[in-house]
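See below for the structure under consideration.
Residue numbers (our numbering): 1212 to 1411.
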């Protein structure tokens, strides 16, 4: 390949990277606005949050449904990617599990409006629910397995049961200021811990 060919390939790669970065910025801005104002928030608010024109939003996401789906997937991906990173950085597998669950609760409570909007179109929600499970179940299973193997928690709960239990505890939490889902989830996690004396 000639030097000019290499330059063209390199600039095309840079453009793709820039486009991906710009799209991430839009998705993060949309997620922040959705948390504050719901999924029906004006597109101009999302554009202002991202520091772009309204036309840029529509160029990437022609309909609101496209944007809602993309934000949901983006948030699922962020939660999935956090698991291995926490397992590497946290002082213990149990701490990593608890930090990840905290992020998962954030996702469930603040993104509930996204799920509700997607459920209105069942055909659109089903594949995303499958995506949610496919991405997050293995991450939760790895964290649970590591914490059980280290002797910090019981080993008789699987990832689906834990995620389903947390999901049930978080249901409706954003609509009731008297209900503290995090406290209930913390009690659930406390029930998983082994007595230090039983670890030896």
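All C-beta atoms in this analysis are idealised placements derived from N, C-alpha and C, irrespective of residue type, glycine included.
Residue 1275 sits in a helix when the DSSP states are folded into three classes. The shortest C-alpha to C-alpha distance from residue 1258 to any of 1268, 1250, 1252 is the one to 1268. Per DSSP, the unbroken alpha helix (DSSP H) holding residue 1257 starts and ends at 1254-1261. According to DSSP, residue 1404 shares a beta bridge with 1364.
In this structure the segment 1262-1276 does not touch the segment 1309-1324; the number of beta carbon pairs closer than 8 Å is below three. Here residue 1309 is buried: its Cβ has 16 or more other Cβ atoms, across all protein chains shown, within 10 Å. For residue 1313, the enclosing alpha helix (DSSP H) covers residues 1304-1321. For residue 1370, the enclosing alpha helix (DSSP H) stretches over residues 1370-1381.
Out of 1304, 1382, 1370, the CA that lies nearest to the CA of residue 1363 is found in 1304.
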